[in-house]
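The structure under discussion appears below in the form of structure tokens.
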């Protein structure tokens, strides 16, 4: 069984881009996932830096990095410890990027399934870095995309008029990293509901279509919600419980206002990216 120190030893492979690092979030108790990622990256001829994920099952509450009242008010559900673990894991990856000499970072969860042309698409996005601060590389919903520009013959840079959840893979610059480090803790909603709120943090949020990173649904997630069984054989964490409907009214109001802000900000960003 590999030790935690062994998990951080990566083979010598070239970086994807001289100014961009790849940070892979992985739990110590998931060495099988890490090995799968090593094989995937070896096939692509790329290197990554492992980020030791924060195991939500080991957290105690109340926790200084959780605004519990704010979470209940905005999300309308009880907290799942793995949701906080997920946020803390992504923040750890972003701080590692902040401490590096890289100008850009790709942040990946260890269930990320990368397209064969992943490197080419990310490099094409970096070539258009004047347009964006964060680019979502995966897609879970339609999100009402608007095409902004062509990245390659097969991929487009888009902005989403509606919510596009998921954080299995994304590209950020230093401005985004600084805003996340400054504002995302204590946690008030799950990470994938927070980090793409460009309107709240003055960030230009875009996406790639078709997605160049997909969730490996067969593997499930051991970093995020955690109620999908994994190969460790451990019991899944209890699924969050919705509050009574009348107590969810603040969450409904919050989501409605967020939807409007997201719509108008995305439209403004699309115009600026096309014609600015």
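Residue numbers (my numbering): 107 to 382. All C-beta atoms in this analysis are idealised placements derived from N, C-alpha and C, irrespective of residue type, glycine included. Small disclaimer: the values here were computed from a predicted structure and weren't measured.
Roughly how many angstroms separate the alpha carbons of residue 304 and residue 227, rounded to a whole number? If you take the alpha carbons of residue 304 and residue 227, they lie about 22 Å apart.
What residue ranges within the stretch 132–202 form continuous alpha helix (DSSP H) runs of no fewer than 4 residues, ordered along the chain? If only complete runs of 4 or more residues are kept, the stretch 132–202 shows the alpha helix (DSSP H) at 137–150, 174–181, in order along the chain.
Let me know if residue 215 comes out buried or exposed under the rule of 16 or more other beta-carbons within 10 Å of its beta-carbon. Burial call: buried.
Looking only at its chain, what residues have a beta carbon closer than 7 Å to the beta carbon of residue 266, apart from the 5 residues adjacent to it on each side? Close CB contacts of residue 266 within its chain, under the 7 Å cut and outside five residues either way in sequence, are with 249, 250, 251, 313, 372 (chain order).
Would you mind reading off the limits of the alpha helix (DSSP H) that contains residue 363? Note, residue 363: alpha helix (DSSP H), 355–381.
Which residue wins for smallest C-alpha separation from residue 163, given the options 356, 194, 137? For residue 163, the nearest C-alpha among the options comes from 194.
Go through its chain and collect everything with a Cβ distance to residue 230's Cβ below 8 Å, but skip five positions before and after it. Cβ-Cβ distances below 8 Å link residue 230 to 257, 258, 261 in the same chain, with the five nearest sequence neighbours on each side left out; the list follows chain order.
Tell me, please, which residues DSSP counts as bridged to residue 312. Bridge partners of residue 312: 241.
Can you give the beta carbon distance from residue 283 to residue 203, rounded, assuming they're within the 8 Å contact cut? The beta-carbon distance between residue 283 and residue 203, rounded to whole angstroms, is 6 Å. This is short enough to meet the 8 Å contact definition.
Distance between beta carbons of residue 243 and residue 254, contact taken as under 8 Å: Between residue 254 and residue 243 the beta-carbon gap is near 15 Å, outside 8 Å, which marks them as no contact.
Under a Cβ-count criterion, where at least 16 other Cβ atoms within 10 Å of its own Cβ denotes burial, should residue 145 be classed as buried or exposed? Classification for residue 145: exposed.
Cβ contact check for the stretch 286–296 and the stretch 175–187: 3 or more pairs under 8 Å: Using a Cβ-Cβ distance cut-off of 8 Å, the stretch 286–296 and the stretch 175–187 are in contact, since at least three pairs of beta carbons, one from each stretch, lie closer than that value.
Per the DSSP calculation, residue 254 is bridged to which residue(s)? In the DSSP assignment, residue 254 forms no beta bridge with any residue.
Indicate whether residue 321 and residue 311 have their beta-carbon atoms separated by less than 8 Å. No, Cβ-Cβ distance for residue 321 and residue 311 is not below 8 Å.
Residue environment, residue 167, which counts as buried when at least 16 other CB atoms sit within 10 Å: Classification of residue 167: exposed, given that the 10 Å Cβ count is below 16.
Reducing DSSP to helix, strand and coil, say where residue 221 ends up. Note: residue 221 maps to coil in three-state DSSP.
Residue 281, enclosing alpha helix (DSSP H) - first and last residue: Under the DSSP assignment, residue 281 falls in the alpha helix (DSSP H) whose first and last residues are 280–289.
Integer-rounded CB distance, given that residue 289 should sit under 8 Å from residue 307: With a Cβ gap of about 6 Å, residue 307 and residue 289 count as contacting.
Residue 233 classed as buried or exposed, judged by whether at least 16 other C-beta atoms fall within 10 angstroms: Residue environment analysis places residue 233 among the exposed positions, since fewer than 16 neighbouring C-beta atoms fall within 10 angstroms of its C-beta.
Less than 8 Å between the CB atoms is what I'm expecting for residue 240 and residue 315, so what's the real figure, rounded? Not confirmed; about 15 Å, so no contact.
Sequence-distant residues of its chain with Cβ nearer than 8 Å to residue 125 (five each side left out): Only residues of its own chain outside the window of five on either side were considered, and among them 208, 209, 210, 232 have a CB closer than 8 Å to the CB of residue 125, listed in chain order.
Sub-8 Å separation of residue 181 and residue 376 beta-carbons: Going by C-beta atoms, residue 181 is not nearer than 8 Å to residue 376.
Quick check: residue 152 and residue 169, are their CB atoms within less than 8 Å of each other? Using a Cβ distance threshold of 8 Å, residue 152 and residue 169 do not count as a contacting pair.
What three-state label does DSSP hand residue 56 in the structure shown? The chain is shown only over 107 to 382; residue 56 falls outside these bounds and no answer can be derived.
Tell me which residues share the same chain as residue 300 and place their Cβ nearer than 8 Å to its Cβ, disregarding the 5 neighbours each side in the sequence. Result list for residue 300: 193, 290, 293, 294, in chain order.
Is the beta carbon of residue 129 sitting closer than 8 Å to the one on residue 213? Their beta carbons are under 8 Å apart, which means residue 129 touches residue 213 by this criterion.
I believe residue 187 touches residue 220 by the beta-carbon criterion, under 8 Å. Please report the beta-carbon distance rounded to the nearest angstrom. Cβ atoms of residue 187 and residue 220 stay farther apart than 8 Å, at about 29 Å.
Report the residue from 198, 222, 269 whose alpha carbon sits nearest the alpha carbon of residue 161. The residue among 198, 222, 269 with its C-alpha nearest the C-alpha of residue 161 is 198.
Which class does residue 321 belong to by DSSP, given the choice of helix, strand or coil? In the three-state DSSP reduction, residue 321 falls in the strand class (E or B).
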